[in-house]
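Asker:
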Amino acid sequence: MSAAARTGLRGAAWLLPAAIVLIALNFRGPIVATAPVIGDIRLDLGLTATIAGLLTTIPVLCFALATPFASWVIAKANPERAVSLSLVIVLAGTVVRSVPSAAALLIGTAIIGIGITIGNVVIPVVIRRDTSPERVGLVTGVYTSALNVGSMITSLGTAPIAAAWGWPLAIAVWAVFAVIAGVAWTYAVGTRAAWLRPTAANTEPLPVTGPIDQVLDTGAIRTVRAEQAAAEPVRPARRLITWGLTLAFGGQAFSYYALTAWIPTLLHDEIGFSKASSGASSSVFQILAVVGALGVPVLASKWRPRAIISLVAFLWLAMPLGLLFAPQLWLLWSVLGGAAQGGGITVIFIVIVRIVSSDADARRMSAFVQGGGYLIGSAGPLVAGSLHGATGDWTAPLLVVLVAVLTLGVVGTFAARRVS
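Heads up: the sequence shown begins at 155 in the numbering used here, then just goes up one per residue.
This is the structure we're talking about:
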């Protein structure tokens, strides 16, 4: 980004966060769009429960397998163009997926997954680079909140739209979010930065103007700025904390995507909700994530990350345990579990920001943790769907989610024990 562009963004402090919020609406909503209408899709296309689970599994698997590609794109194209490319790919995948055929459904879902993967990796880099240190924690919380707001809007709106105009239009209509986000992003960073090949003038690294290892206390975030090009950061795979964060992120992702894919069906089976009611009810799990995503940065100003991870895991446990023993209290469990899942992803991102030393280090660490974590998470919908199909009830799927939540809590707490 050019110096002039950076100055413009700082002059309008609200502009970049606003664009990031609109972008984030596209990074979870498309994944959950099929869940409220999965019954109609299976009926029309003759899909098995396992194949239906792939509609949520494929994007998350892309998050893992396409992460090296996403990191390469960001390094070659620059972060601004990478964000634009991610939105274009999500838009294209959403259109392809709406074609009423099993092949188009699966191919479009994979395209969406690749687009979101690029966005998953690049947005934390953009936040760290272009947000003032004292606001990094807040903007990170706003970003993760917006991910879940997108899921909530999609969960609420898809079934009613499908009832009126059919499921293909119901899952295609959300492409409008990508168009709106693309316009906002272009306005925020400028047309040249967002869409054109970077020139030498705006790709050269900015000089370091302060002490290389100066620690910046941010209240919600402490981050180390070390932009010296000659200093090669330690490879993520050689750091024990990286593997711990990856397993913790995997536990978080496995639990989230397993429940996101199957909550509507579970509520229909266990409580007798209609398809529309099940979709609306599952949206509680999505929207309550805003509480956790915004609450964690506040706690981070006073608590160590390991304490926050322990709290998040404790609240998370309420979801699988509650649905196992008292499904009629689904609203309470969705409130507690929803807040926990929003806080879980936020605290892991905060830990990453605190331990990295440069933008390149942030990109590598973010790609490694998300790639490995989403590889684990991609199994969630498929495992839950297969266990439900094999046993005919929801006990085994919920027990597996319980184990994943415990992994988040135990491994995450251990990994973050030295992070202040």
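Glycine included, C-beta positions come from ideal geometry on N, C-alpha and C. Just so you know, these numbers come straight off a predicted model, no measurement behind them.
(1) Going by DSSP in three states, V369 sits in which element: helix, strand or coil?
(2) What first and last residue would you give for the alpha helix (DSSP H) that runs through L483?
(3) What's the gap between the Cα of L471 and the Cα of A218?
(4) Determine the DSSP secondary structure at L477, reduced to helix, strand or coil.
(5) Quick one: measure Cβ to Cβ for Q406 and Q495, integer angstroms, because I've assumed they're closer than 8 Å.
(6) Roughly how many angstroms separate the alpha carbons of F568 and L401, rounded to a whole number?
(7) Measure the alpha-carbon distance for S255 versus N180 and round it to whole angstroms.
(8) Might you give, ordered along the chain, the residues of its own chain that have their beta carbon closer than 8 Å to the beta carbon of T363, omitting 5 neighbours on each side?
(9) Buried or exposed: T414, going by 16 or more other Cβ atoms within 10 Å of its Cβ?
(10) Do you know how far the Cα of A317 is from the Cα of A443?
(11) Is the CB-CB distance between G492 and F408 below 7 Å?
(12) Can you check whether the CB of S437 is closer than 7 Å to the CB of M306?
(13) Tell me the DSSP secondary structure of W548 in three-state form.
(14) Checking 7 Å against the spacing of the C-beta atoms, do P322 and F503 come in under that value?
(15) In whole angstroms, what is the alpha-carbon distance linking V648 and T500?
(16) Which of the three DSSP states is assigned to S299 in this structure?
(17) Rounded to whole angstroms, what is the Cα-Cα separation between G550 and F479?
(18) Confirm, please, whether the CB-CB distance from P418 to S428 is below 7 Å.
(19) What does the Cβ neighbour count give for S299, buried or exposed, with the cut at 16 atoms within 10 Å?
(20) Could you check which residue in V250, V296, H422 and G269 has the C-alpha nearest to that of V242?
(21) If L490 and L420 are in contact, beta carbons under 8 Å, what's the gap, nearest whole angstrom?
(22) With three or more beta-carbon pairs closer than 8 Å as the criterion, would you say the stretch 201-219 touches the stretch 260-267?
(23) Leaving out the 5 sequence neighbours to the left and right, which residues in its chain are closer than 7 Å to L553 when beta-carbon positions are compared?
(24) Which residue's Cα is closest to the Cα of V557: G546, V537 and S574?
(25) So, under 8 Å CB-CB, G295 and A447 are touching, yes? Tell me the CB distance rounded to an integer number of Å.
(26) Pick helix, strand or coil for G320, following the three-state DSSP scheme.
(27) Measure from the alpha carbon of R289 to the alpha carbon of each residue in W168, S512 and P233, then state which is nearest.
(28) Rounded to the nearest angstrom, what separates N232 and A348 at their Cα positions?
(29) Can V237 and W328 be called in contact, C-beta distance under 7 Å?
(30) What is the rounded straight-line gap between the Cα of V559 and the Cα of A326?
(31) State buried or exposed for F468, treating a residue as buried only when at least 16 other CB atoms are found within 10 Å of its CB.
(32) Please list, in chain order, all residues of the same chain as F331 whose beta carbon is under 6 Å from its beta carbon, the five residues on each side excluded.
(33) P459 to L292, Cα distance in whole Å?
Answerer: In this structure, then:
(1) The sequence position of residue 369 within the sequence shown is 215, counting from 1. Its pLDDT being 30, under 50, V369 is placed unreliably in this model, and the value from its coordinates should be taken loosely. Note: V369 maps to strand in three-state DSSP.
(2) Indexing the sequence shown from 1 puts residue 483 at position 329. Segment: none, L483 is in no alpha helix (DSSP H) and carries neither H nor E.
(3) Here residue 471 refers to the residue found at position 317 of the sequence shown. Here residue 218 refers to the residue found at position 64 of the sequence shown. Answer to the nearest angstrom: the Cα atoms are 25 Å apart.
(4) Start at 1 with the first residue of the sequence shown, and residue 477 comes out as number 323. Here L477 carries a helix assignment [DSSP, helix/strand/coil].
(5) Within the sequence shown, numbered from 1, the residue matching residue 406 stands at position 252. Within the sequence shown, numbered from 1, the residue matching residue 495 stands at position 341. With a Cβ gap of about 7 Å, Q406 and Q495 count as contacting.
(6) The count along the sequence shown starts at 1 and reaches residue 568 at position 414. The count along the sequence shown starts at 1 and reaches residue 401 at position 247. If you take the alpha carbons of F568 and L401, they lie about 11 Å apart.
(7) Translated into positions along the sequence shown, residue 255 becomes position 101. Translated into positions along the sequence shown, residue 180 becomes position 26. Between S255 and N180, the C-alpha separation is close to 23 Å.
(8) For this step, residue 363 is matched to residue 209 along the sequence shown. Any reading at T363 must be qualified, since the residue scores a pLDDT of 32, below 50, and its modelled position is unreliable; the value itself is stated next. So the list is empty, once near-sequence residues are dropped.
(9) Within the sequence shown, residue 414 is the residue found at index 260, counting from 1. By the neighbour-count rule (16 or more Cβ atoms within 10 Å), T414 is buried.
(10) The residue you call residue 443 lines up with position 289 of the sequence shown. The residue you call residue 317 lines up with position 163 of the sequence shown. C-alpha separation (whole angstroms): 27 Å.
(11) Against the sequence shown, residue 492 aligns to sequence position 338. Against the sequence shown, residue 408 aligns to sequence position 254. The criterion of a C-beta distance shorter than 7 Å is not satisfied by G492 and F408.
(12) Walking along the sequence shown from the start, residue 306 turns up at place 152. Walking along the sequence shown from the start, residue 437 turns up at place 283. Yes, the pair counts as a contact, with Cβ atoms nearer than the cut-off.
(13) Residue numbering aside, residue 548 sits at position 394 when the sequence shown is read from its first letter. The three-state reading of DSSP puts W548 in coil, since its state is none of H, G, I, E or B.
(14) As a first step, residue 322 must be located in the sequence shown, where it is residue number 168. As a first step, residue 503 must be located in the sequence shown, where it is residue number 349. Going by C-beta atoms, P322 is not nearer than 7 Å to F503.
(15) Given that the chain is displayed from residue 155 to residue 574, the structure contains no residue 648 and the question cannot be resolved.
(16) By one-based count along the sequence shown, residue 299 stands at place 145. Correct three-state label for S299: helix.
(17) Counting from one through the sequence shown, the residue named residue 550 turns up at place 396. Counting from one through the sequence shown, the residue named residue 479 turns up at place 325. Note that residue 550 corresponds to Ala in the displayed sequence, not to Gly. Cα to Cα, A550 sits roughly 13 Å from F479.
(18) Mapped onto the sequence shown, residue 428 falls at position 274. Mapped onto the sequence shown, residue 418 falls at position 264. Contact flag unset, no.
(19) The count along the sequence shown starts at 1 and reaches residue 299 at position 145. Counting Cβ neighbours within 10 Å, S299 comes out buried, since at least 16 surround it.
(20) By one-based count along the sequence shown, residue 242 stands at place 88. Distances from the CA of V242 to each of V250, V296, H422 and G269 were compared; the closest alpha carbon is that of G269.
(21) Working through the sequence shown from its first residue, we reach residue 490 at position 336. Working through the sequence shown from its first residue, we reach residue 420 at position 266. Going by Cβ atoms, the distance from L490 to L420 rounds to 16 Å, so no, they are not a contact pair.
(22) yes
(23) As a first step, residue 553 must be located in the sequence shown, where it is residue number 399. Correct list: empty, nothing qualifies.
(24) By one-based count along the sequence shown, residue 557 stands at place 403. Answer by Cα proximity: V537.
(25) Here the question's residue 295 lines up with position 141 in the sequence shown. Here the question's residue 447 lines up with position 293 in the sequence shown. Confirmed, about 5 Å.
(26) Indexing the sequence shown from 1 puts residue 320 at position 166. The answer is coil: DSSP assigns G320 none of H, G, I, E or B.
(27) Here residue 289 corresponds to residue number 135 of the sequence shown, with the count starting at 1. Cα-wise, what sits closest to R289 is W168.
(28) Along the sequence shown, read from residue 1 onward, the residue named residue 232 stands at position 78. Along the sequence shown, read from residue 1 onward, the residue named residue 348 stands at position 194. Cα to Cα, N232 sits roughly 9 Å from A348.
(29) As a position in the sequence shown, residue 237 is number 83, starting the count at 1. As a position in the sequence shown, residue 328 is number 174, starting the count at 1. No Cβ-Cβ contact shorter than 7 Å links V237 with W328.
(30) By one-based count along the sequence shown, residue 559 stands at place 405. By one-based count along the sequence shown, residue 326 stands at place 172. Each residue's Cα considered, the two are about 33 Å apart.
(31) Reading the sequence shown from its first residue, position 314 is the one you call residue 468. By the neighbour-count rule (16 or more Cβ atoms within 10 Å), F468 is not buried but exposed.
(32) Against the sequence shown, residue 331 aligns to sequence position 177. Hits under 6 Å: L179 and N180.
(33) Here the question's residue 459 lines up with position 305 in the sequence shown. Here the question's residue 292 lines up with position 138 in the sequence shown. Those two C-alpha atoms are separated by around 15 Å.
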